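Heads up, our numbering is the position in the sequence shown plus 39, with the first residue counted as 1.
The beta-carbon is built from N, C-alpha and C at its ideal position, and this holds for glycine as well.
Every value quoted in this text rests on a predicted model; they were computed, and no experiment measured them.
In what follows, a single structure is set out as structure tokens and then discussed.
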Amino acid sequence: MQISAGGLAERHFADVEGLLTRATDEEVRRSGGRLDGAQLLQRARAALAEILRPAQEEYAAYAQAEAEGAPARLADRFAPRASAGACAAALGAGLATVLLIGGIEESATTAFVDAAIVAAAALLGFALQAVVAHQWSAERHAGSRNQPGGVEQLRLAWLTALEVRGVRPWFEQQRVVAPRRDPLGRDKGDARRPAPRARDRSGVARTRSVLNRSFDRLPDLGHPFIGRRSQLTQLTQWVNRDRARTETRPTVVVLHGPSGAGRTMLARWATHELRELFRGACLVDLRGQSESPLHTRDAILHLLNRLGAPREQLLFREGAGQSADPAQLRRLAERYHQHLAELPVILILDDATDAEQVRTLIPPRSASLVLVTAAEPLALDPDLPASVHHMALGPLDLAASEELLRASVTDGASIAPGPYDEAAWRRVTELCDGRPLLLRMVGSALDERSPSQLAEDLAAYGPPGGGLDPAERAMRLRYADQPEIARRLLRRLALVGRASLGARAAAALLDVGQQEAARQLEQLTGAGLLRHVRGNRYRLHDLVRRFARARLHDEETDEERSAAQERLIRSYAELADTVIRLVDGKTSTRADVLPAPAGGHGFASLDAALRWFDDETSFITSTLRHADERVDRTAVQHLLGALCDYCLLRGDLYRLGELNELTQAVNQGLLTRSVQWRTGVAARQLGELDKARSTLTSVVTLYQRAHNEAGTARALRDLGITLQHQGQLREAGEKLREALALQEGEGLDGDRAWTLHALAAVERERGRIVAARGMLREALRLHQGSGSVHGEAWTRFQLGQTLLLAGEIAPAERELRFSLDLYERSRDVRGVAWAMTELGLARVHDGDPVAAQEQLTTALARHRETEDARGEAWTLYDLGHALEDAGDGTGAVRTLEQARNMFSRMRDVYGLACARHHSARITRDIRADSTGSLRNSGFARQLLTDARRDFQRAGVNHGEAWCCLELTVIEAGNERLGQALGLADEALRLFTEGYGEGPDARGGDWARFLRCTLLPLASPGGSEVGEAVAQEELAELLRAEHPLRDPRLTDAAHTYAMMLQRGQGPESGWTAWRLGMVPRRGARDVIGVTTA
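Set out below in structure tokens:
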């Protein structure tokens, strides 16, 4: 038996090769195609001895048993070892024949012929004996070989041990090691596959956060839960058994039965029982039995949103309005499957009728549980890569039905007195078909009727099995029991879709007060016609909704229906406008629309108003989707605009994308402009700046064509902010000033305030902090005048940033903490994260890097949860400063490189220039410290040159000037003294010219000082002249004291002046860097405009 690598017989290579091939395919699939499978398999083959070693003991046992128990091959019986004796015997017999015949006859030919015959006969006899013996042995061992255990069991044990202890650990090790050496990536010349994006930490953080909350967002379990405990136990056992398998595949349980049989309640209880085994859960109503079933595309988007998918996929929806496009649906399904790969979650697909739709929603390669509720069994594909179980939910038995009926009696009431009548209980159960929903519904009538009376009243609508459906029979009975106002409310609830609702909506539908509406909701809930969701929220069951819709069309006119719906939309538009006005103030979008104060609508505080909007967003969306064409378009626009603003405030971009699709389908210019404008703002929040710019540019054009100046100004403002985020500060300032020019009229103070503080941010980044402070003071006054909590928060935030640049740390922190409080009041999670970032930066400026790191790390997590790419990038940038001050230069460079990559991806020229500047400076210092000189600074020089060019493009002169100073240090350290002096002069020119508000004295000080250190070495008049000029300029520098001077510069100037006085001149070379007399990071913290 030939042995190869690791002591493995050649005939066993096929088994090992199969294991390696399957493991390699799995790794390639896990990587999303980023790994080269052929190269990974080749490496595995090269490490075969290492892979085989952990299972060597099992292999030895298997090989020995195979050798002992396996039948010998026929060829083995003719092997040299077995046939040598036979051949020797034949040769001996032939020789004896030659001697014998030769002694009798004199013919040698005859003797040799006879000897050959004898030898051939001997060999033939040996061959015949070998064949017969082989056949007999094979037959004798055939039975034992096919018994359980034995060699085959040892073979399986070996392969299992090899996979568990050898193959898997080796591939896991490669998974860790491969990213460091990058030999497994596909050929860089392969242009067919785009380069994979870096790991999206923001997306990962959001997914984790959303999944943690997903179970809390499920509907209430539902009580009482009677009669389905055995089915719940069976379902749990199926799940536990399937999860014990080694193969990763989903478990699918189809719960089928008629409507009202308790399918969805059982699914909710199963989710609650099994939640510890899964990371998240989501319910999607497929509306299979309704007139408008949910499209597969919309179902996938809903699942992606609830399970934490990247938000840009939810805002920018491919193929809006083309849900049936197979190619787009296939791409979306692939993203959905990829998101859920190896993510164990529970999916409840409620009211399904389309088996193909269910198949698309089942995530392969995921240990998820998919609970499907359907009226009939679904014929799922037998090739579906999942463990599929079917559970029929039939009628409850008599004991469970009676228990449920008794439990459904209205709280505080009792069953009507009378003798126990088993036949009556049985008849009620039969008339309700044993369905839990119907039993709960009619059970609530037992406080007014005895069981026998209830059975008679139900039978009056038709006998069991008659023409009338049991559900229709039960609902007619309970509908007839209600007073007219409750029946009218039930009918009109069919107008508002499937979302839960509260007393305000009911009051608008009935045109009554809230207290009366709340009483009617409680009345319908007590009658079993409404389901209590939570708090004061209620929802119709699908069966009841269909019944109510039929009654609505039969008993009310079109005019009555439209009037009720318009009252609802108008009432909610006023309420929503009130909430947004409390947050954003009295802007042109809602100025003078709502004369009543917030308290007039029942909101005791801003927090109460925001809680109301939180509860009502789904209901408002559903109401807008079902709005009748006859409803006043102005009311619809106000409600839609307020909902969009709230989506932006809360970061609910899924709903904003949904509203965008809705308005595009309606195709009404006013609504489309309003939502498209907010969509552009949302794109900017996500860091999709190019999409935001193109969207907002088109919105500006639409408003201009409509001659809507207020709308044009708002869109120009957001376009200017987007340009600022891209680092195009000149263009941003132009757009914002153009918007301000359109906001001079009366009633536009709120709009003007938002534009002013946006323009102040642009001015601040260009170094014009005096103008910025003036604009922010004006914006603050206007925001307070319009009552905008949110606007005041952002203005104080911008003021805090401006004060930091002015070197006023304590006032800056005070403003930032004030803004943080206002953000928390208005529930702006993005604003909270930004305020925390700037408070961390304030700690950096105040020389407390440890506290800064802690604050910035917390802010970074907040930005990632909200997927605010720009906030994440600037927080990483500030964290790099904190790490540098804490002495971790390598960590600072790494963090700044992350920020640089994010700015580059967003195409933020200004942010990219800042990150390049500081990354270059720290890289230069690290390499210089390790080598003792600045000669190895080529990479830093290139980064600074690029940063200088970017600052020039952005119009940021102070950034360009500081780049010149850092380049001066590099050139001087490399003994290019003439070039260094020229760069110092250029920096001095930029600082002296200033940024539109006078010279920057702080930066100018450093430029003058570095010039003085270079003059003795690079003066055109020689070293003596240079020394004299340097001493004169240095003395002038020391005399020109001002409060914004960097303290380090004063020390350095005095030291260098003393060196010149003692005659330490050109012969020592340029010693400023070696002696630490160069600007550090803190020098640039403050813009030294002395008039600020």
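Pull up the DSSP beta-bridge partners for residue i, would you.
i            : result
residue 578  : 570
residue 761  : According to DSSP, residue 761 bridges with nothing at all.
residue 24   : This structure gives no information on residue 24, because the portion of the chain shown stretches from 40 to 1131.
residue 822  : According to DSSP, which records beta bridges pairwise, residue 822 is partnered with nothing at all.
residue 429  : 293
residue 1128 : 1039
residue 540  : 577
On the DSSP letters alone, give me the boundaries of the alpha helix (DSSP H) that residue i sits inside.
i            : result
residue 514  : 509-520
residue 285  : Segment: none, residue 285 is in no alpha helix (DSSP H) and carries neither H nor E.
residue 871  : 868-884
residue 86   : No alpha helix (DSSP H) contains residue 86, which DSSP labels as neither H nor E.
residue 896  : 888-904
residue 618  : 597-623
residue 481  : 475-482
residue 948  : 948-970
residue 782  : Note, residue 782: premise wrong, no alpha helix (DSSP H); not H, not E.
residue 1090 : 1086-1100
residue 916  : 908-924
residue 735  : 728-744
residue 1079 : Element bounds for residue 1079: n/a, residue is neither H nor E.
With distances taken between CB atoms, is the gap from residue i to residue j smaller than 7 Å?
i            : j            : result
residue 1000 : residue 1030 : yes
residue 739  : residue 755  : yes
residue 1136 : residue 880  : Absent from the structure is residue 1136, since the part of the chain shown begins at 40 and ends at 1131.
residue 924  : residue 955  : no
residue 157  : residue 131  : no
residue 1083 : residue 1028 : no
residue 589  : residue 563  : no
residue 200  : residue 94   : yes
residue 843  : residue 815  : no
residue 678  : residue 608  : yes
residue 829  : residue 858  : no
residue 421  : residue 317  : no
residue 533  : residue 602  : no
residue 389  : residue 412  : yes
Can you tell me whether residue i is buried or exposed, with buried defined as 16 or more other CB within 10 angstroms of its CB?
i            : result
residue 236  : Summary for residue 236: the model assigns pLDDT 44, below 50, so the residue's position carries little reliability, and this model does not support an answer.
residue 636  : Confidence at residue 636 is low in this model, with a pLDDT of 39, below 50, so its placement is unreliable and the value that follows should be read with caution. So residue 636 counts as exposed.
residue 1097 : exposed
residue 50   : exposed
residue 742  : buried
residue 746  : exposed
residue 1125 : buried
residue 251  : exposed
residue 894  : buried
residue 279  : exposed
residue 836  : buried
residue 1023 : buried
residue 1046 : buried
Over what stretch of residues does the beta strand (DSSP E) that includes residue i continue unbroken?
i           : result
residue 321 : 319-324
residue 290 : 290-295
residue 390 : 384-391
residue 380 : Note, residue 380: premise wrong, no beta strand (DSSP E); not H, not E.
residue 412 : 408-413
Under 6 Å: does the beta carbon of residue i sit that close to some heavy atom of the ligand SAH?
i          : result
residue 62 : This structure lacks the ligand SAH; in fact it carries no ligand of any kind.
Quick test of the definition: if touching needs 3 or more C-beta pairs under 8 Å, does the stretch 281-301 touch the stretch 389-405?
Taking a contact to require three or more Cβ pairs closer than 8 Å, the stretch 281-301 and the stretch 389-405 qualify as touching.
Segment contact flag, the stretch 820-830 with the stretch 799-809, C-beta cutoff 8 Å, min 3 pairs
no
Within the chosen definition, does the stretch 368-379 reach the stretch 403-412 through at least 3 CB pairs nearer than 8 Å?
Output reads yes: the stretch 403-412 touches the stretch 368-379.
I want to know whether the stretch 692-703 touches the stretch 659-675 - three or more CB-CB distances under 8 Å.
yes
Should the stretch 469-477 be regarded as contacting the stretch 299-307, the criterion being three or more beta carbon pairs within less than 8 Å?
yes
Is the stretch 545-558 touching the stretch 514-523, taking contact as three or more C-beta pairs under 8 Å?
no
Stretch pair the stretch 553-573 + the stretch 526-542: three plus CB contacts closer than 8 Å
yes
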